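Colleague: Below is a structure I'd like to ask you about.
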Amino acid sequence: KATVSVLYCRQKMENVQHKLVVLSGKGGVGKSTVACQLAMGLAQSGKKVGLLDVDLCGPSVPKIMGVEGKDVTQGETGWVPVTTEGSGVKVMSIQFLLENEGDAVVWRGPRKDQCIKQFLKDVEWGALDVLVIDTPPGTSDEHITLCEVLRPLPNIGAVVVTSPQNVACDAVRKELSFCKKLNLPVHGIIENMSGFACPHCADCTPIFSTGGGQQLATEYTLPFLGTIPLDPRLSQSEDAGIHFTKAFPDSQTAVSINNILGKIATVV
Amino acid sequence: KLQFLYFIGGKMSDQPDMDKANEVCVGPQSEKAGKADACKGCPNATLCATGAGKGEDPDLKVLTERMATIGSKVLVLSGKGGVGKSTMTKELGLMMGRMGLQVGLMDSDICGPSLPRLTGAMGEEIHTNNEGWEPVAVDDNVGLVSIQYLLDNISDAVIFRGPRKNGVIKNFMKDVAWGDLDVLLVDTPPGTSDEHLSIVSYFKQSGGCDGAVIVTTPQEVAVADVRRELNFCKKSNIKVLGIVENMSGFVCPSCKKGSDIFPPKAGAVLSAGERLAEEFGVPFFGKIPLDPALMAACERGEPLEDFVIANAKEAGKETVMPPSVLALQGVASKLLKALGKEAPKTA
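Sequence order for the protein chains is L and G. FYI, in the working numbering the residues of the first sequence are 17 to 284. FYI, in the working numbering the residues of the second sequence are 33 to 379.
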């Protein structure tokens, strides 16, 4: 039975056409990278995009989007999300609400649950074509809350990110079990950090192993959306808050990201 | 198996049963326990309202006894996911075991347990005896406890909200017969949430822990999260024994030239780990380069040293320990020194 706050959240989300949750069982595989690249890419193609960062302990999205440390203002009906200059993506993250950048958010589950609901119902998202939601790794409070609130709504789906190696795929299998158990549709699997082409000799080393993403897609009969190779300029761009695919369009990584974007765009 | 977690090891009837708690449980320790809106309909509501969850926890005595036979307790932390906490825990734990120390590994990443895979001990089961739960022997002198061993299938998701995760951690600390250990390494999930709060709290109430090893990678996006973790340690009075910077540089196996895959801040003289160490006045334990051999060793569940030796043997070459092994050995020896320990025999 839904609580009042959950009903308010769903009401607010009626103005959002598609909800795209970026998940992974594993930390550090590139959820935030993928979420931000998807948001920027979809916005560039003319869609109205929101980007919600529910990683409350490790909010990376503002930095990657170049809006770290910005203030969130109070509007008439709620918090006004921070809009990025270049891509015009509306961003919301706990990072904007921290007094000092180094402040740790040391919250147990119930407070995290409350915060996420506030991000859904008390933010002036306006009418959006897509709301991309970046998540922390795991299958816990944040994920359960998102599913509880959003699952009954139309046009919700997940994109699952992995890196090639077994230890990542183990955790991602659990995430896929979570999606199945909670009836969250999965649009497909993305394999990130898929090999590194040495800039000196162009030889490609599978630093984080190879093949895990495709294997998972086959195992779970899900679309394999593609691989993204490592490029140090992607990490550098994120640290500087610049749009990587725009700055380095010829990079194999940018080409891969754009291919994946094309596939996601058909779904949303 | 999971449903028996809270019952193995003792009577729980006078304590709230966290397995049956409402989803948005405020926690039995909360001021509003049993009386909050979230408590409506919860079978523990009456117990919590009478303060059963508060006050001296009867499990504390047992927990303290378990922790008392452990020489040093070390947390392996990072604000950021995927920097190599579990890899560090595995390598340091196995290295110390090979040095002759008795080592326990506690995998407190309830949603994404990595250590069984990394130590080559998947598919094992936790057996119980008179003493309690037996850690799984992953190497001579090294025992591991992980939620993975309590699941029927590898792919089973553990879909627990905070309070239930806390319950599992408590089981790991009070029901496992760790025995006489020189070192207990606690691998943690990324972040600063339920698992971290519970572990720190239980350690505090049972005699304390010796400190934390913090793992970072070179890029700024990681540094921000790790800074938060360091602030968490500061606020919780956890001593930071040292910082390790992992994935620090890559040497191409073909042309032997170096690249930075996760480049540090442009123009910075010191690397990310060094900067954080300086900022917080804590020791810097060293940089571990990205090494495909380390990744392969983890995929196969072997200690890196064993993997390097086996590879060399197969290729008919003399074993030359790569920089990654030397760096890890350096971290292990600095950690032992920080704990005031001398290894019985050198690696």
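Glycine residues also receive a C-beta, built at the ideal position from the N, C-alpha and C atoms. Quantities reported herein were computed from a predicted structural model and do not represent experimental measurements.
For the 8 Å Cβ check, are there 3 or more pairs between the segment 110–117 of chain G and the segment 184–197 of chain G?
Modeller: Judged by Cβ distances under 8 Å, the segment 110–117 of chain G makes no contact with the segment 184–197 of chain G, as fewer than three pairs qualify.
Colleague: Less than 8 Å between the beta carbons of L:Ser-225 and L:Gln-181, yes or no?
Modeller: Yes; because the gap between Cβ atoms is below 8 Å, this pair is in contact.
Colleague: With a threshold of 8 Å between beta carbons, is G:Ser-178 in contact with chain L?
Modeller: No, because no Cβ of chain L sits closer than 8 Å to the Cβ of G:Ser-178.
Colleague: CB-CB under 8 Å to G:Lys-366, same chain, minus the five flanking residues each way: which ones, in chain order?
Modeller: Excluding positions up to five away in sequence, the list reads Gly-274, Pro-315, Phe-317, Gly-318.
Colleague: Are the beta-carbon atoms of L:Cys-163 and L:Leu-192 separated by less than 8 Å?
Modeller: Cβ atoms of L:Cys-163 and L:Leu-192: not closer than 8 Å.
Colleague: Looking at chain L, which residues of the segment 280–297 of chain G have a Cβ within less than 8 Å of any of its Cβ atoms?
Modeller: Within the segment 280–297 of chain G, the residues whose Cβ lies closer than 8 Å to some Cβ of chain L are Phe-282, Cys-284, Pro-285, Ser-286, Cys-287, Lys-289, Ser-291, Asp-292, Ile-293, Phe-294, Pro-295, Lys-297, listed in chain order.
Colleague: How many angstroms separate the CA atom of L:Val-103 from the CA atom of L:Thr-237?
Modeller: Inspection of the sequence shows that residue 103 of chain L is occupied by Ser rather than by Val. Cα to Cα, L:Ser-103 sits roughly 34 Å from L:Thr-237.
Colleague: Using a Cβ cut-off of 7 Å, pull out every chain G residue sitting near L:Trp-123, in sequence order please.
Modeller: Per Cβ cutoff of 7 Å: Ser-225.
Colleague: Could you tell me if G:Phe-39 is buried or exposed, where buried requires 16 or more neighbouring beta carbons within 10 angstroms of its beta carbon?
Modeller: Only weak support exists for where G:Phe-39 lies, its pLDDT of 35 falling under 50; the value from the coordinates is given anyway. Its Cβ having fewer than 16 others within 10 Å, G:Phe-39 is exposed.
Colleague: Assign L:Pro-97 to one of two classes, buried (16 or more other C-beta atoms within 10 Å of its C-beta) or exposed (fewer than that).
Modeller: Classification for L:Pro-97: buried.
Colleague: Taking the C-alpha atoms as reference points, what is the distance between G:Lys-373 and G:Val-215?
Modeller: Rounded to whole angstroms, G:Lys-373 to G:Val-215 spans 10 Å at the Cα level.
Colleague: In chain L, which residues lie less than 7 Å from G:Gln-237 when you measure between Cβ atoms?
Modeller: None at all; the shortest Cβ gap to chain L is about 17 Å.
Colleague: For the alpha helix (DSSP H) that contains G:Asn-54, what are its first and last residues?
Modeller: Neither: G:Asn-54 is in no alpha helix (DSSP H) and is coded neither H nor E.
Colleague: For a quick check, are the C-beta atoms of G:Gly-223 and L:Cys-73 less than 8 Å apart?
Modeller: Yes. Within cutoff.
Colleague: Taking L:Asn-208 as part of the beta strand (DSSP E), name the residues at either end of that continuous run.
Modeller: Segment 202–213, the beta strand (DSSP E) holding L:Asn-208.
Colleague: Short check: CB of G:Leu-371 to CB of G:Asp-242, under 8 Å?
Modeller: Cβ atoms of G:Leu-371 and G:Asp-242: closer than 8 Å.
Colleague: Helix, strand or coil: how does DSSP classify L:Cys-220 here?
Modeller: Note: L:Cys-220 maps to strand in three-state DSSP.
Colleague: Determine which residues share a DSSP beta bridge with G:Ser-178 and list them.
Modeller: Paired residue(s): G:Asp-139.
Colleague: For a cutoff of 8 Å on Cβ pairs, would you count L:Glu-167 as touching chain G?
Modeller: A quick correction: the sequence has Arg, not Glu, at residue 167 of chain L. No, L:Arg-167 lies away from the interface with chain G (no Cβ there is under 8 Å from its Cβ).
Colleague: Of all the options L:Glu-92, L:Ile-205, L:His-34, L:Ile-273, which has the alpha carbon lying nearest to the alpha carbon of L:Leu-232?
Modeller: If we check each option's Cα against that of L:Leu-232, L:Ile-205 comes out closest.
Colleague: Name the residue from G:Ala-344, G:Ala-77, G:Gln-251, G:Val-135 whose alpha carbon lies nearest to the alpha carbon of G:Ala-300.
Modeller: Nearest of G:Ala-344, G:Ala-77, G:Gln-251, G:Val-135 to G:Ala-300, Cα basis: G:Gln-251.
Colleague: Determine the extent of the alpha helix (DSSP H) in which G:Val-255 is found, giving its start and end residues.
Modeller: Residues 252–267.
Colleague: Which runs of the beta strand (DSSP E) fall wholly inside the segment 179–229 of chain G and span at least 3 residues, in chain order?
Modeller: Counting whole runs of 3 or more residues, the segment 179–229 of chain G contains the beta strand (DSSP E) stretches 213–219.
Colleague: Quick one: is G:Ser-178 buried, meaning 16 or more other Cβ sit within 10 Å of its Cβ, or exposed?
Modeller: Under this definition G:Ser-178 is a buried residue.
Colleague: Can you find a CB in chain L that lies within less than 8 Å of the CB of G:Asp-49?
Modeller: Output row for G:Asp-49: interface = no.
Colleague: Taking the Cβ atom as the reference point for each residue, do G:Gly-111 and G:Arg-307 lie within a distance shorter than 8 Å?
Modeller: No, the Cβ-Cβ distance between G:Gly-111 and G:Arg-307 is not below 8 Å.
Colleague: Let's test the definition: count the other Cβ atoms within 10 Å of the Cβ of L:Ala-286 and tell me whether it reaches 16, buried, or not, exposed.
Modeller: Because chain L in this structure spans residues 17 to 284, residue 286 of chain L falls outside the shown range and cannot be described.
Colleague: So, is the C-beta of L:Pro-215 closer than 8 Å to a C-beta in chain G?
Modeller: Yes, L:Pro-215 lies at the interface with chain G (some Cβ there is under 8 Å from its Cβ).
Colleague: Starting from G:Glu-277 and walking both ways along the beta strand (DSSP E), at which residues does that stretch end?
Modeller: Where G:Glu-277 is concerned, the enclosing beta strand (DSSP E) stretches over 272–277.
Colleague: If we ignore side chains and look at the alpha-carbon of each, how far apart do L:Glu-117 and G:Ala-309 end up?
Modeller: Going by the C-alpha atoms only, they are around 17 Å apart.
Colleague: Under the three-state reduction of DSSP, which class applies to L:Pro-78: helix, strand or coil?
Modeller: If DSSP states are grouped into helix, strand and coil, L:Pro-78 belongs with the helices.
Colleague: Can you tell me whether DSSP reads G:Thr-96 as helix, strand or coil?
Modeller: Helix.
Colleague: On the three-pair Cβ rule with 8 Å, is the segment 286–297 of chain G touching the segment 140–153 of chain L?
Modeller: No, they do not touch.
Colleague: How would you label L:Thr-234, buried or exposed, when you count the other beta carbons within 10 angstroms and need 16 or more for buried?
Modeller: With fewer than 16 Cβ atoms within 10 Å of its Cβ, L:Thr-234 is classed as exposed.
Colleague: Is G:Ile-158 near G:Val-168, with beta carbons less than 8 Å apart?
Modeller: A contact, by the Cβ cut-off of 8 Å.
Colleague: If I follow the unbroken beta strand (DSSP E) through L:Pro-245, where does it start and stop?
Modeller: Its beta strand (DSSP E) spans residues 240–246.
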